[in-house]
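Residues in the sequence shown are numbered from 130 upward in steps of one, following the working numbering. Just so you know, even glycine gets a beta-carbon here, dropped at the ideal spot from N, CA and C. Please read all numbers here as calculations on a predicted model, not as lab measurements.
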Amino acid sequence: MNPAQAYTVDWPTDRGTVILRAFCAPEEIERFTYDLGDRDFARYRPLISGKESLIRAARKEEANVTLALTGRGEIVGAGILEFPGPDERWLRVGERAMMEVSVIEIDRVWRGAGMSQAILRLLMEHPRSEERIVYMVGYSWTWDVEGTELSTMAYRDMLIRMFSRQGFRIFQTNEPNVMLRPENVFMARIGAYVSGETRERFKKVRFDMDRYA
């Protein structure tokens, strides 16, 4: 389970004040209503398929599920910080060495109020973030370019700016899905207390060099 107590931040928007709640517990999420994954867009499907996806994430060890909630308990935004999946190469960097910002999702009608940046900031307030390498992988086929009316490269630039404000920077990697399209991007933030050994391992794993050591 998560290692921190849940807490809230009020976030003003043109549609009213939204409550940003970090480190949500599974039983809390059960009480909220969710429709982010129920909208039918022409070329875009939210990464979070439903409330159950958030509940499963919140049950994971040390995960930070941060939600944007209306006063009626409706989930209009979400972010997830969690350990890599079992098939991810990043597990080879070391046990619990890396965590992923796997999702940041805002309902289209609630965008434009800076909630994505605020959710990312709350995700990064994980009590062990300085001990870990936190990363994100931007795959262009998951982006709502239709809803933003941006090109894929402009959307990429927007993500880079947002994550850069939290100390992330671009790292090169030969991970096949990242290399599949030129607009895809891999970014990471290396915590202040990450050892030199882990940093070197991260460098090798990015290019599969650890397999030949």
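C-alpha gap between residue i and residue j, whole angstroms
i: G145; j: V334; result: 45 Å
i: V205; j: R340; result: 42 Å
i: E275; j: Q301; result: 27 Å
i: R237; j: T195; result: 18 Å
i: L252; j: A197; result: 12 Å
i: R298; j: E191; result: 23 Å
i: I248; j: E329; result: 30 Å
i: T281; j: I289; result: 12 Å
i: P141; j: G214; result: 35 Å
i: I184; j: W219; result: 24 Å
i: G243; j: P305; result: 32 Å
i: G179; j: S324; result: 38 Å
i: W239; j: S245; result: 10 Å
Exposure label - residue i; buried when at least 16 CB within 10 Å
i: V230; result: buried
i: N303; result: exposed
i: F315; result: buried
i: R150; result: buried
i: E181; result: exposed
i: W270; result: exposed
i: M308; result: exposed
i: E156; result: exposed
i: E234; result: buried
i: G208; result: buried
i: S265; result: The sequence shown places Met at residue 265, rather than the Ser named in the question. Answer is buried; the Cβ neighbour count reaches 16.
Cβ neighbours of residue i in the same chain (closer than 7 Å, five flanking residues each side left out)
i: G296; result: R318
i: S258; result: G320
i: A154; result: A135 and A187
i: E211; result: A186, K189, A192, M228, E229 and S231
i: T137; result: I148, L149 and R150
i: E159; result: I184
6 Å Cβ shell around residue i - same chain, five flanking residues per side excluded
i: A133; result: F152 and P256
i: R294; result: none
Close-in-space but distant-in-sequence residues of the same chain around residue i (CB under 8 Å, 5 per side omitted)
i: S327; result: Sequence inspection shows Thr at residue 327; the Ser mentioned does not correspond to that position. Contacts found: V222, G223, A226 and I262.
CB-CB length for residue i against residue j, believed under 8 Å
i: N313; j: Y268; result: 6 Å
i: M287; j: L279; result: 7 Å
i: E260; j: Y322; result: 5 Å
i: G200; j: T162; result: Contact doesn't hold; Cβ gap of about 12 Å is too wide.
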